[in-house]
Amino acid sequence: MTSILVGLLALSILTAVLALLLEVADSYFGFYGECQITINEGDRKLDVQGGNKLLGTLMDEGIFVPSACGGRGTCGLCKVKILEGGGPLLPTEEPYLEPEEREDNVRLSCQVKVRSDMKIEIPPELFLIKSFKAKVTGLRDLTATIKELNLQLIEPETIEFKAGQFIQFEIPEYEGCEEPVYRAYSVASATSAPNGISLIITRVPEGVATTYIHDFLKEGDEVVFNGPYGEFYLRDSDNDIYLVATGSGLAPIMSMLYQIVDQKIDRKVTVVFGARHLEDLMYMNEIKQLQERTSNIEFIPTLSKPPESDGWQGSTGRVTDVLDKIVETGDNKEVYICGNPMMVESVEELFKKKGVPENLIYYDKFG
Amino acid sequence: METGLTAYIIFFAAIFTNNILLTNFLGLCSFLAISREVKPAIGLGMAVTFVLTCTSGINYIVYYYILEPFNLVHFRFIIFIVVIAAFVQLVEMVIERVSPLLYVILGVFLPLITVNCAILGVSLFMIIRNYTFLQSVAYGAGGGLGWTLAIVSMGAIRERLKNAAIPKPLEGPGITLIIAGLMAMAFIGFTGMIQIQ
Numbered sequence: 000m001t002s003i004l005v006g007l008l009a010l011s012i013l014t015a016v017l018a019l020l021l022e023v024a025d026s027y028f029g030f031y032g033e034c035q036i037t038i039n040e041g042d043r044k045l046d047v048q049g050g051n052k053l054l055g056t057l058m059d060e061g062i063f064v065p066s067a068c069g070g071r072g073t074c075g076l077c078k079v080k081i082l083e084g085g086g087p088l089l090p091t092e093e094p095y096l097e098p099e100e101r102e103d104n105v106r107l108s109c110q111v112k113v114r115s116d117m118k119i120e121i122p123p124e125l126f127l128i129k130s131f132k133a134k135v136t137g138l139r140d141l142t143a144t145i146k147e148l149n150l151q152l153i154e155p156e157t158i159e160f161k162a163g164q165f166i167q168f169e170i171p172e173y174e175g176c177e178e179p180v181y182r183a184y185s186v187a188s189a190t191s192a193p194n195g196i197s198l199i200i201t202r203v204p205e206g207v208a209t210t211y212i213h214d215f216l217k218e219g220d221e222v223v224f225n226g227p228y229g230e231f232y233l234r235d236s237d238n239d240i241y242l243v244a245t246g247s248g249l250a251p252i253m254s255m256l257y258q259i260v261d262q263k264i265d266r267k268v269t270v271v272f273g274a275r276h277l278e279d280l281m282y283m284n285e286i287k288q289l290q291e292r293t294s295n296i297e298f299i300p301t302l303s304k305p306p307e308s309d310g311w312q313g314s315t316g317r318v319t320d321v322l323d324k325i326v327e328t329g330d331n332k333e334v335y336i337c338g339n340p341m342m343v344e345s346v347e348e349l350f351k352k353k354g355v356p357e358n359l360i361y362y363d364k365f366g
Numbered sequence: 000m001e002t003g004l005t006a007y008i009i010f011f012a013a014i015f016t017n018n019i020l021l022t023n024f025l026g027l028c029s030f031l032a033i034s035r036e037v038k039p040a041i042g043l044g045m046a047v048t049f050v051l052t053c054t055s056g057i058n059y060i061v062y063y064y065i066l067e068p069f070n071l072v073h074f075r076f077i078i079f080i081v082v083i084a085a086f087v088q089l090v091e092m093v094i095e096r097v098s099p100l101l102y103v104i105l106g107v108f109l110p111l112i113t114v115n116c117a118i119l120g121v122s123l124f125m126i127i128r129n130y131t132f133l134q135s136v137a138y139g140a141g142g143g144l145g146w147t148l149a150i151v152s153m154g155a156i157r158e159r160l161k162n163a164a165i166p167k168p169l170e171g172p173g174i175t176l177i178i179a180g181l182m183a184m185a186f187i188g189f190t191g192m193i194q195i196q
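Sequence lines, in order, name chains A and B.
Each residue of the first sequence is one higher than the one before, starting from 0 at the first, in numbering that gives the first Met the number 0.
Each residue of the second sequence is one higher than the one before, starting from 0 at the first, in numbering that gives the first Met the number 0.
Set out below in structure tokens:
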């Protein structure tokens, strides 16, 4: 018995000594002192403590480079141009960088450590990205599995974003999840109401984030999100606009519709929204009200599997079936698609076949 | 020198006749995972050789000057692992600070090595075989080079294999294990040269 105790004690001491040694070594080797990061040729200069990853360092300074994987180096989204002080390319970055990007000094900010003074370039719109504190002012069921979450901003009080962009919502620790995680949701509300946002959240069985929002979040709760992100927004041109969505993919499309009506954009707009049954359709009243304010929006909801009992008079079939019928040629058309990846791909394929050039098809895939 | 072998012979024996990977089948997981191409295989091999050489020396000292006097030899498994892990961490920190280039070549592989059983295997073998300090370090260095030789050859073979028509069920790990077996048999050809036990 005593020999076991003595052994355990000796083992603990030895391990503790090694741990201490590592701590000392870390504070000696891992200390890089103060480093200066110059962004966009001196637009902003940050004095930061070296030794951490660039992504996290920038985040601490309030600059949010988009990242879907949380800095593990698996999504390849957090690319920034590092002109000086980035060190050689790491093997963990190689799979995500095209040859042209390597030539341009593009790096993954989640892999590069701040070790010395750096010069970097980031898109100026990233400065608009902030962390927001907000209060839940409403949670309502849009369908059996989809909820609308309304948030009133507390700090900062307003948000500047483009209709169609998304935010990253922080899911705090709760009993279903041990550490905070982030999930991306498109903003469904109008850009003209900048002191709040609405999100549309589909319940995913066993989903860490959607379970939290559907089952744990209450009115009055405080939440944190950061954004806005994304390249999915209306482009300025004279082309006819086609907005295609299924399920909660309607969120960014709603925001775009508000923009079209609010800014009196005089282009022909066709919205095709696909759902399975009648009870899966949402925002029907809101869209009707928008249609009353302008004459250029055509709205076509379509049901893929309407049972007889629904008494559905409208269009049936998938969104591709509807589009195949109403779109004749690809001339002067601009397409915005949002929803599940398979739908997005088949709609993109359809419009390409009709002759819409690839660079006029924009989409946001919901995984 | 109880075994009657010089460190020099042990060094070569560990590379060819007693290749730790192909005769003892230690360190197979990273061998299978990182052997798709030659370049990363070389990087990992170098990292393994370096860590193996150093840890066999360190573990020798830990065993004969700490564990044996204090009667803790039955804790050698866990102690060796802890020592290896701490050493790998330390080396990673130093390399990152001192040479960014070396960090690119070795750094990313170092965390993988902590759990490489070849490293623990060498430390245990040197105790079982009653090696002296010099012999242990030679065995570590040779073992590492032997492991590198095996993984780099496998990397080269698998690079060529990309263009071969492999039966579907054998693709990936299947064919790799078969090749490893053939390589092991080929290495048996060396056994007549020297023998260590």
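Beta carbons are placed, not taken as given, at the ideal position from N, Cα and C, and that holds for glycine.
Practice task
Determine the DSSP secondary structure at threonine 245 of chain A, reduced to helix, strand or coil.
Solution key: strand
Handout entry: Proximal residues of chain B, C-beta to C-beta of proline 94 of chain A below 8 Å
Key = Those do not exist, as proline 94 of chain A stays about 12 Å from chain B at its closest Cβ, beyond 8 Å.
Practice task
Give the range of the beta strand (DSSP E) segment to which phenylalanine 165 of chain A is assigned.
Solution key: 165-170
Handout entry: Cβ pair glycine 143 of chain B, threonine 48 of chain B closer than 8 Å
Key = yes
Practice task
Identify whether glutamate 1 of chain B lies in helix, strand or coil by the three-state DSSP scheme.
Solution key: Caution applies to glutamate 1 of chain B, whose pLDDT of 47 falls short of 50 and renders its modelled position unreliable; the model cannot decide the point.
Problem - Residue(s) in a DSSP beta bridge with glycine 195 of chain A - result: A:Gln151
Problem - valine 207 of chain A versus serine 247 of chain A: straight-line alpha-carbon distance, rounded - result: 17 Å
Handout entry: Minimum Cβ-Cβ distance from alanine 9 of chain A to chain B less than 8 Å
Key = yes
Problem - Limits of the unbroken beta strand (DSSP E) element including threonine 136 of chain A - result: 129-140
Exercise for the section: Would you list, in sequence order, the uninterrupted alpha helix (DSSP H) runs of no fewer than 4 residues that lie entirely inside the region 94-178 of chain B? Expected result: 99-105, 109-112, 116-127, 132-160
Problem - CB contact check: alanine 32 of chain B to chain A, cutoff 8 Å - result: no
Exercise for the section: Show which residues of chain A have a CB atom less than 8 Å away from the CB atom of isoleucine 78 of chain B. Expected result: Leu10, Leu13
Exercise for the section: Return yes when the Cβ of proline 98 of chain A is within less than 8 Å of the Cβ of asparagine 39 of chain A, no when it is not. Expected result: no
Handout entry: Beta-carbon proximity check, leucine 96 of chain A vs cysteine 77 of chain A, cutoff 8 Å
Key = no
Exercise for the section: Would you mind telling me which residues of chain A sit closer than 7 Å to proline 99 of chain B, beta carbon to beta carbon, in chain order? Expected result: Gly86, Pro87
Practice task
List the endpoints of the continuous alpha helix (DSSP H) containing glutamate 348 of chain A.
Solution key: 340-353
Practice task
With distances taken Cα to Cα, identify the nearest neighbour of alanine 244 of chain A among A:Phe28, A:Glu93, A:Tyr362.
Solution key: A:Tyr362
Exercise for the section: Return the CA-CA distance between glutamate 1 of chain B and glutamine 48 of chain A, expressed in angstroms with no decimal places. Expected result: Note that glutamate 1 of chain B scores a pLDDT of 47, beneath 50, so its modelled location is shaky and nothing firm can be said.
Exercise for the section: Can you say whether glutamate 367 of chain A is buried or exposed, counting buried as having 16 or more other CB atoms within 10 angstroms of its CB? Expected result: Absent from the structure is residue 367 of chain A, since the part of chain A shown begins at 0 and ends at 366.
Practice task
Using a threshold of 8 Å, state whether the C-beta atoms of phenylalanine 63 of chain A and isoleucine 128 of chain A are closer than that.
Solution key: yes
Problem - the region 298-309 of chain A in contact with the region 276-286 of chain A per 3-pair CB rule at 8 Å - result: yes
Exercise for the section: Hey, could you find the ends of the alpha helix (DSSP H) glutamine 288 of chain A is sitting in? Expected result: 283-292
Exercise for the section: Please report the residue range of the beta strand (DSSP E) in which methionine 117 of chain A lies. Expected result: 117-120
Handout entry: CA nearest to the CA of asparagine 58 of chain B, picked from B:Ile41, B:Gly44, B:Glu91, B:Ile78
Key = B:Ile78
Problem - Euclidean distance between Cα positions of alanine 187 of chain A and isoleucine 199 of chain A - result: 7 Å
Exercise for the section: Round the Cβ separation of methionine 182 of chain B and leucine 43 of chain B to the nearest angstrom and send it over; I've been treating them as touching at under 8 Å. Expected result: The pair is not a contact, with the Cβ atoms about 17 Å apart (cut-off 8 Å).
Practice task
Assign threonine 147 of chain B to one of two classes, buried (16 or more other C-beta atoms within 10 Å of its C-beta) or exposed (fewer than that).
Solution key: buried
Exercise for the section: Put alanine 189 of chain A into one of helix, strand or coil per three-state DSSP. Expected result: coil
Practice task
Report yes or no: is there a C-beta of chain A within less than 8 Å of the C-beta of methionine 92 of chain B?
Solution key: yes
Exercise for the section: Tell whether a beta-carbon distance below 8 Å holds between glutamine 110 of chain A and leucine 125 of chain A. Expected result: no
Exercise for the section: Report, in whole angstroms, the separation of the C-beta atoms of glycine 84 of chain A and lysine 118 of chain A, which I expect to be a contact under 8 Å. Expected result: 7 Å
Practice task
Measure the C-alpha to C-alpha separation of alanine 15 of chain A and alanine 163 of chain B and round it to an integer number of angstroms.
Solution key: 52 Å
Exercise for the section: With DSSP collapsed to three states, give me the class of isoleucine 77 of chain B. Expected result: helix
Exercise for the section: My understanding is that valine 87 of chain B touches isoleucine 65 of chain B, with C-beta atoms under 8 Å, so please give their C-beta distance in whole angstroms. Expected result: Contact doesn't hold; Cβ gap of about 19 Å is too wide.
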